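Peer 1:
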Amino acid sequence: MLKQAYKSISSKFLLNLVLIMSFVMVQAVLFSSEAKAAVPYTYTLAREDNSNIIKITFDEGIYVDSINDSQIASRVRIAAAGNAVLMRTPRIVEMYAVNSIDSNEVEIVVGDLDPDIINYEITIEPGVIEFDKYTQLSNFKIAFSSSEFADGFEDVFIKRSASEINDNILRYNAPRDVNVFIPKRYITKIETIHKYNGVSNSTKSNAAPKLTNIDILTLDDVKKVIVNITDSRGRVIMESKILEPRSDFKGFTLGQAGLNIETSTTYKVNIYAYDTNGKLVDKRTIVPRIGDDKTKDFIISDYITSTSSGSKSDKNVTLYDLMKDLKTLNYALTNFNEELNLIKVAYSNTRDYRVIRNSGSASDILNSLADAINDDDVRYIKFDSALNITLPQNITISRPNAFDNDHVLIEGNGATINGNITIGGESSDTNTYELRNMTIQGTLTRINPSRCILTNVQATTIR
């Protein structure tokens, strides 16, 4: 009798031991995909307190000591891609190490960018960021678009009042001129397997480990995924794991033991996807679960439905399109129901920035120009194309001396203006006026020539 009992206990022990060792071996295979990506960092973009913030987080084990402020001007560059016509020169306002527990974060504050959608890249040469034991051997590249710093859909259209929307957006822009950027979803499918029942013939519920596998399918653009697990109170259950693409399927995978998914315990699996530059391109959070039949339904793959898996390309529509086309609106709300601020809202005309567009009507163009030159708050005027405008009378462009930044910029974009133009107010006007890329068929009078910058400007007469 004792021999049989011993044999039974021994077999159960061996079975559990085999299961545990098997899980360890499986984990070793699963986590063989965990490695540092080509770039030793990830970064996120955010608009906070009217500032453009880039947060760089270095991989585990790379600690930041400080920023060499004296090297920022010469070794940190920000440039626009291609031949973009810039009204605002991009600049680094501030760069500093974040005082955190891990000491692996650096933040960059970028100055105001053009309302037009322009791609930028920041280059950080070695010698600017001083690390503890890590040696930087190549330039760090931080790529982004000005649209990514635009306000989020939820912040603009849900949190703002009707009067705020009217005063800040619709006062200067028609719905057809408000751009809505709906990004593609890079995380396309998530599947969980939670095996807790039947792994042991023991009557004890904790006799064998509860095993969970998580598969994450993505677009090819995703080169790194970081996953962490928290409980309903936000406490960390699983520290962040860095995963890289699998060779056996288009995605990423990980495992974890000991999760009580079959009980009332609520976990949140937080998934962050990054591209080859290390930029955060998508994020999703799921609550792992099992089905009603706890003996069978332990494989769940419907966290992302076919209607919410997202498009494989970005969508750029106008607010008018979104209002008119219910299908597009439903698509946006379905794909981003919990992340509406991933949808960005951008518009060219603001309090200090006006775009003169070719609306097809000469009177409309003249009215837009009149509104821009007579509004003392406007410091940027941009023609969107090589317009040909005939002025019905002479015009003067000037601003009060208390004007913000003391600089007015007019970008002609190859426009031709037929008529006489005076730049500046009285001789006491201390503002700087800059005209670019235009032809004036008439007289251009500069009240203070030393404060009037002409770049690729021709006129019949320049005084």
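Position in the sequence shown (first residue = 1) + 1225 = our numbering.
For glycine and all other residues, C-beta sits at the position ideal for the given N, C-alpha and C.
As the structure is a computational prediction, the values presented were derived from the model and not from experiment.
(1) My assumption, with CB atoms under 8 Å, is that threonine 1282 sits in contact with lysine 1449. Please give the rounded CB distance.
(2) Measure the Cβ-Cβ separation of alanine 1595 and valine 1603 and say whether it is below 9 Å.
(3) Tell me the rounded alpha-carbon separation between phenylalanine 1382 and threonine 1615.
(4) So, with DSSP's three-state summary, where would you put alanine 1298?
(5) Is threonine 1686 closer than 9 Å to glutamate 1659 when the C-beta atoms are compared?
(6) Can you tell which of Ser1295, Leu1395 and Lys1493 has the C-alpha that lies nearest to the C-alpha of isoleucine 1462?
(7) Since tyrosine 1578 and proline 1340 are thought to touch, with beta carbons under 8 Å apart, how far apart are those beta carbons, to the nearest angstrom?
(8) In the DSSP assignment, what residue or residues form a beta bridge with tyrosine 1321?
(9) Classify lysine 1504 as buried or exposed, calling it buried when 16 or more other Cβ atoms lie within 10 Å of its own Cβ.
(10) From what residue to what residue does the alpha helix (DSSP H) around asparagine 1599 run?
(11) Tell me the DSSP bridge mates of arginine 1313?
(12) Give me whichever residues DSSP pairs with arginine 1671 in a beta bridge.
(13) Using only alpha-carbon positions, find the residue among Ala1271, Glu1285 and Ile1454 that is nearest to glutamate 1332.
(14) Is arginine 1410 buried or exposed, if buried means 16 or more other CB atoms sit within 10 Å of its CB?
(15) Pair every Cβ in the region 1275-1292 with every Cβ in the region 1302-1322, then say whether three or more of these pairs are closer than 8 Å.
(16) Thinking just about the alpha-carbon of each residue, which of Tyr1528, Leu1444, Asp1337 and Glu1416 is nearest to the one in aspartate 1539?
(17) Measure the alpha-carbon distance for lysine 1508 versus tyrosine 1605 and round it to whole angstroms.
(18) Please report the distance separating the alpha-carbon of asparagine 1491 from that of aspartate 1518.
(19) For asparagine 1404, report the span of its beta strand (DSSP E) as first-last.
(20) Please classify glutamine 1689: is it buried, with 16 or more other beta-carbons within 10 angstroms of its beta-carbon, or exposed?
(21) If you scan the region 1341-1370 from start to end, which runs of the beta strand (DSSP E) of 3 or more residues do you find wholly inside it?
(22) Answer yes if the region 1286-1297 comes into contact with the region 1385-1401, meaning at least three C-beta pairs across the two stretches below 8 Å, and no otherwise.
(23) Give a yes or no on whether the C-beta atoms belonging to threonine 1664 and glycine 1637 are separated by under 9 Å.
(24) Alpha carbons only, please: which of Thr1641, Glu1651 and Asp1631 is nearest the one belonging to threonine 1621?
(25) Buried or exposed: valine 1512, going by 16 or more other Cβ atoms within 10 Å of its Cβ?
Peer 2: This is what the structure holds:
(1) By a beta-carbon distance limit of 8 Å, threonine 1282 does not contact lysine 1449. Their separation comes to about 12 Å.
(2) Not in contact: alanine 1595 and valine 1603 (Cβ atoms no closer than 9 Å).
(3) The alpha-carbon of phenylalanine 1382 is positioned some 39 Å away from that of threonine 1615.
(4) Reduced to three states, the DSSP call for alanine 1298 is helix.
(5) Not closer than 9 Å, so no.
(6) Looking only at Ser1295, Leu1395 and Lys1493, the smallest Cα-Cα distance to isoleucine 1462 is reached by Lys1493.
(7) Right, their Cβ atoms sit about 6 Å apart.
(8) Per DSSP, Glu1332.
(9) Looking at its Cβ environment, which holds 16 or more other Cβ atoms inside 10 Å, lysine 1504 is buried.
(10) Here the alpha helix (DSSP H) through asparagine 1599 covers 1587-1599.
(11) None; arginine 1313 has no bridge partner.
(12) Paired residues: Ile1648.
(13) The residue with the shortest Cα to Cα distance from glutamate 1332 is Ala1271.
(14) With 16 or more Cβ atoms within 10 Å of its Cβ, arginine 1410 is classed as buried.
(15) Cβ pair count under 8 Å is three or more, so yes.
(16) Ranking Tyr1528, Leu1444, Asp1337 and Glu1416 by Cα distance to aspartate 1539 puts Leu1444 first.
(17) Looking at the two C-alpha atoms, the distance is approximately 36 Å.
(18) The amino acid occupying residue 1491 in the given sequence is threonine; asparagine does not appear at that position. C-alpha of threonine 1491 to C-alpha of aspartate 1518: approximately 18 Å in a straight line.
(19) From DSSP, the beta strand (DSSP E) with asparagine 1404 extends over 1403-1407.
(20) Lying outside 1226 to 1688, the shown extent of the chain, residue 1689 is not represented and no answer is given.
(21) Runs found: 1344-1349, 1354-1356 and 1365-1370.
(22) Touching, no, given that fewer than three Cβ pairs across the two stretches are closer than 8 Å.
(23) Yes, they are a contact pair.
(24) Comparing Cα positions, the closest option is Glu1651.
(25) It counts as exposed.
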